[in-house]
Amino acid sequence: MELIRIRDVSMQYKNGVTAIYDLELKIKRGDFVFIIGGTGCGKSTLIKMLYREVKPTKGEIIVGGLNVARLRNNRVYKLRRKLGIVFQDYRLLPKSTVYENVAFALEVIGAPKEEINRKVLRALELVGLKGKVRQYPDQLSGGEQQRVAIARAIVNEPKILLCDEPTGNLDPEKSIEIMKVLDTINATLGTTIVMATHDKEIVNRMKKRVVILKEGRLVKDVEKGVYDDEAI
Amino acid sequence: MTMKLFRMFFRSIRDAFKSVIRNFSLSLASISCISITLIIVAIGVMASLNVNNFTKVIKKDVTIVVFVKREVEEKDLGVIKAKLEQIDNIVTIDYKSKKQLREEMQATSSTLDATMKEWSDEDNPLKDTFQIKVDQIETIADTASLISKIEGIDSVNYGETMVNKFLSAFKIIEKGTVLAVALLILVTVFLIINTIKLTIFSRKREISIMRVVGASNFSIKMPFVIEGMVLGIFGSIIPTILIIYGYYALYDHFGGQIFSPLIQLIKPEPFVYMVSLIVLLIGMLVGMIGSYRAVRKYLKV
């Protein structure tokens, strides 16, 4: 059964730019999918549509049983609780500690304290930052900050993890660390991961499903694919 | 479910205090803005309430003097009084015979005493009077004309021109003070809302992160609204202290009246506590509304 189903979706921004044309895509539970393509190919827009930051102008998007395209603004939180989202710029709260940043995701949904404590420590252990709970984001390296962001994204045990260029600000070595963490999450927790990237090295190394977008259209969808320069 | 709400509520209170401290400089800006505007509001409110108070005192002092015709006999005075009592607007009726009046006047000055002493009761040129206080000074003219129609009444006098002048002046003063206070409060609301908007603007990112991790709009608003309330309460502390000590000092300095016994200041108790409460409520409410409106802006997608 598909966890994500995109049917006949188009997306045009208010300024008239069309970012996605007639997209059809299915993603199964437990999949690890790279969305790749050049600048402006629509990969970011696709991720944004999946967490309902933007709405498609046409078509249907089902994520974890929710009809995302029709989701009202004040119901968006229901979708977000099923998802973990990781951004290129980490988006941590600068004035909160590592622990507080991860706990934040559980506090806003009203989880009890003991549960928060248990889950936060487990998530931080998984990303290898258990020793840094009391530090503030600016005391960490970029790679560590991104791992905090990943811990925050998975602390709520979401079925789907969306990553928008998570290694975009990191050097190759740190990028590989991040990919190892994501791979572990995918393998041990069974979390479905959809990751937009233009990092050739990573895509070739991981050998996962690769979806290639070009000028808003899906041009290639390969299991165990590589970064296909010609298609892009 | 209720447990969850309780937890979120208490977390909001904790977070509100935390972020007031963590965003200290901006919080301080909001608090001082609230303090200063509330002080101005408090002064406005106290001044206008005092002005309205002494117009009331002056209004209470206005008396209609009803002169009874000389030929009316003493037994008929009761009939006139009974008729006066039937008029709605009249609150008190004091009968003063010409003899009493004469004695009162004699007591006021020695020259008057010297002349009036000569008069026998028969010669007394004064007239018997009823001194009347009314409830609604605005309709005093109607009341006076009703009284003058009663049989046996010689004339009615209430200082017509002066009262009319007072009345129109008071109307302007009352309207003016209400308008001034309303404007003041409006400006305060506007200023405070904007200051709080600024503090929240700097936390746009925090709000967007809250949305990303799945906070409902309600649970995003709550800590900010409570934070606004906390800022409002902190901002009311200095104005409250100033109101209480300042007004007591002012009252003692003037001995409770300004220039003449007619212009009475309102007694400090419970007046200062009432005004403090009003100021605190305005601070809290405006703080809450300010944050609510500011956050709402960042929740639209």
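If you read the protein sequences in the order shown, they are chains A and B.
Under this note's numbering, think of the first position of the first sequence as 32, with each following residue one higher.
Under this note's numbering, think of the first position of the second sequence as 180, with each following residue one higher.
The beta carbon of each residue, even a glycine, is placed where N, CA and C say it ideally should be.
Straight-line spacing of the CA atoms in Arg384 of chain B and Tyr452 of chain B works out to 41 Å. Across the structure, Val392 of chain B and Val133 of chain A are spaced so that their CA atoms are roughly 10 Å apart. Residue pairing for Gly115 of chain A: DSSP places it in a beta bridge opposite A:Leu192. Within the segment 212-269 of chain B, the runs of beta strand (DSSP E) that reach at least 3 residues and sit entirely inside it are, in chain order, 242-247. Identification of residues in the segment 364-398 of chain B having a C-beta nearer than 8 Å to some C-beta of chain A yields Arg384, Glu385, Ser387, Ile388, Met389, Arg390, Val391, Val392, Gly393, Ala394, Ser395, Asn396, Ser398, given in sequence order. Between Arg472 of chain B and chain A, the shortest Cβ-Cβ separation is not below 7 Å. A Cβ-Cβ separation of about 7 Å places Ile319 of chain B in contact with Val241 of chain B under the 8 Å criterion.
When the five nearest sequence neighbours on each side are left out, the beta carbons in the same chain lying within less than 8 Å of the beta carbon of Gln443 of chain B are those of Asn232, Phe233, Val236, Gly435, Gln436, in order along the chain.
Distance between Gln310 of chain B and Met295 of chain B, taken at the CA atoms: about 22 Å.
Per DSSP, Thr223 of chain A is one residue of the beta strand (DSSP E) stretching across 223-227. Contact annotation for Phe135 of chain A against chain B: Val392 [CB-CB distance below 7 Å, chain order].
Here DSSP, grouped into helix, strand and coil, assigns Leu346 of chain B to helix. Contacts between Arg190 of chain B and chain A, judged by CB atoms closer than 9 Å, involve Glu138, Val139, Gly141 in chain order. Listed as beta-bridge partners of Tyr130 of chain A by DSSP are no residues whatsoever.
Arg178 of chain A has its alpha-carbon roughly 18 Å from the corresponding atom of Lys190 of chain A. Within 9 Å of the CB of Asn217 of chain A, no CB atom of chain B is found; the nearest one sits about 20 Å away.
When only Cα atoms are considered, Gln279 of chain B and Leu358 of chain B end up about 47 Å apart.
In the DSSP assignment, Thr308 of chain B falls within the beta strand (DSSP E) that extends over 308-313. Proximity to Arg240 of chain A across A:Ile92, A:Ile216, A:Gly256, A:Gln119 peaks at A:Gly256, based on C-alpha coordinates.
Spatial neighbours of Ala182 of chain A in its own chain (CB-CB distance under 6 Å, excluding positions within 5 residues in sequence) are listed in chain order as Val133, Ala154, Leu155, Val158.
For the segment 186-212 of chain B, the set of residues with a beta-carbon nearer than 7 Å to any beta-carbon of chain A comprises Arg186, Met187, Arg190, Arg201, in chain order. At a cut-off of 7 Å between beta-carbon atoms, Lys183 of chain B makes contact with chain A. Close to Asn46 of chain A, with beta-carbon spacing below 9 Å, lies no residue of chain B; the smallest spacing is near 17 Å. Between Leu228 of chain B and Pro440 of chain B, the alpha-carbon positions lie close to 17 Å from each other. By the criterion of a C-beta distance shorter than 8 Å, Ile216 of chain A is surrounded in its chain by Leu157, Ile181, Ile185, Leu192, Thr222, Ile224, once the five residues flanking it on both sides are discounted. About 17 Å separates the Cβ atoms of Val465 of chain B and Ile422 of chain B, ruling out a contact at the 8 Å cut-off.
Against chain B, a Cβ distance below 9 Å from Leu124 of chain A picks out Arg384, Glu385, Ile388. In the three-state scheme derived from DSSP, where H, G and I count as helix and E and B as strand, Ile51 of chain A is classed as strand. Distances from the alpha-carbon of Phe188 of chain B to those of B:Phe403, B:Gln285, B:Phe413 put B:Phe403 closest. Bounds of any beta strand (DSSP E) do not take in Val454 of chain B; it lies within the alpha helix (DSSP H) bounded by 447-476. A straight line joining the alpha-carbon of Glu282 of chain B with that of Val244 of chain B spans about 17 Å. Considering only A:Ile209, A:Arg83, A:Ala227, A:Thr70, the residue with the shortest C-alpha distance to Lys109 of chain A is A:Arg83.
In the DSSP assignment, Lys89 of chain A falls within the beta strand (DSSP E) that extends over 89-94. The C-alpha of Arg103 of chain A lies about 51 Å from the C-alpha of Ala226 of chain B. Scanning its chain for C-beta atoms nearer than 6 Å, with the 5 sequence neighbours on each side dropped, one finds around Ile93 of chain A the residues Arg36, in chain order.
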